[in-house]
Amino acid sequence: MTLYIVATPIGNLDDITLRAINTLKSVDLIAAEDTRHSGLLLQHLGIKAKLFALHDHNEQEKSHLLIEKLKSGLSIALISDAGTPLINDPGYHLVKACRDNDIQVVPIPGACAAIAALSVAGLPSDKFSYEGFLPAKSKARQDSLSQLVDEPRTMIFYESTHRLLDTLQDMQTVFGADKRVVLAKELTKTWETIVSFTVNQLIAWLNEDANRQKGEFVLIVEGHAKTENDVDQKAINTLKLLQKELP
Ligand code: SAM
6 MTLYIVATPI GNLDDITLRA INTLKSVDLI AAEDTRHSGL LLQHLGIKAK LFALHDHNEQ
66 EKSHLLIEKL KSGLSIALIS DAGTPLINDP GYHLVKACRD NDIQVVPIPG ACAAIAALSV
126 AGLPSDKFSY EGFLPAKSKA RQDSLSQLVD EPRTMIFYES THRLLDTLQD MQTVFGADKR
186 VVLAKELTKT WETIVSFTVN QLIAWLNEDA NRQKGEFVLI VEGHAKTEND VDQKAINTLK
246 LLQKELP
């Protein structure tokens, strides 16, 4: 019948809409990334529901099954561990399969770490580029960042505790030490912190206290402001990267 894409909290459990709660109460089945994790949220909301595991590793295979259930008249809600499904979370294959099969898909909007961080960053928010997670390996990460040297829009990245400093070092190498970065940490949680620095200042700030490097992070990076020296800056960055490759 209908697939509902339902946003859940990114930390503070109060950040769920009335419509999301009503939808989760009314559907026949809830497809969740981690049924144990979502079970706790549903318990907190007093919702008893049938849960179905749909994660990155089984999504393509299980989507067929969910499509059959939807065609048979069941209504299904898709939730992820936190925030909005499909935003660096499973759901794309299922939504595409629904569209291909003329099954109605309804968004139930709510929390999303990227948008929450952008809304408080104080960087231009009229145009932005959502970049998600950068590659894990430094070479691939620097290559990805090099593609963004000229990006004029504000850029949004997700990052994890153990890669935060390495990513910022690579941003410093590729974008330059003066690039402005807003770090939004632990949004909506007890230790929520939002700071705005140049990338070299941010690295120093994080190194002052190891606790500052722990948690969940969004990095909001200022876009490139065009200057007359644009070509030179690009050439310098390419040279820097090439130098690293040379024996
Ligand atoms: N679907 C989620 C959303 O709508 O934002 C994102 C899921 S992604 C797998 C998880 C990443 O989102 C984390 O590693 C972190 O970068 C970011 N994130 C999630 N919750 C956050 C929070 N409370 N504060 C800061 N970043 C958060």
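Per the numbering used here, numbering through the sequence shown is continuous, rising by one, with the last residue being 252.
The C-beta atom is built at its ideal place from N, Cα and C for all residues, glycine as well.
What separation, rounded to the nearest whole angstrom, lies between the Cα atoms of V111 and Y9? Each residue's Cα considered, the two are about 5 Å apart.
DSSP puts V204 in a beta bridge; with which residues? Its beta-bridge partners do not exist; DSSP assigns none.
G51 CB to nearest heavy atom of ligand 1 below 7 Å: no
Compare the Cα-Cα distances from D155 to each of I21, A82, A230, Q174 and report the closest residue. A230
Within 7 Å: the Cβ of V187 and any heavy atom of ligand 3? Absence of ligand 3 is noted for the structure shown, with ligand 1 being the only ligands found.
Taking just the CA atoms, how far does I199 sit from Q206? 14 Å
Reference V223, options K74, I120, D171, H62, closest by Cα: Distance check between V223 and each of K74, I120, D171, H62 places I120 closest, using alpha-carbon atoms only.
Just to confirm, are F133 and T172 a CB contact at a threshold of 8 Å? no
By Cβ distance, which residues of its chain are closer than 8 Å to L47, with the 5 residues on each side in sequence left out? L29, I35, K53, A54, L56
State yes or no: is the C-beta of Q218 within less than 8 Å of the C-beta of T178? no
What would DSSP say about Q248, mapped onto helix, strand or coil? helix
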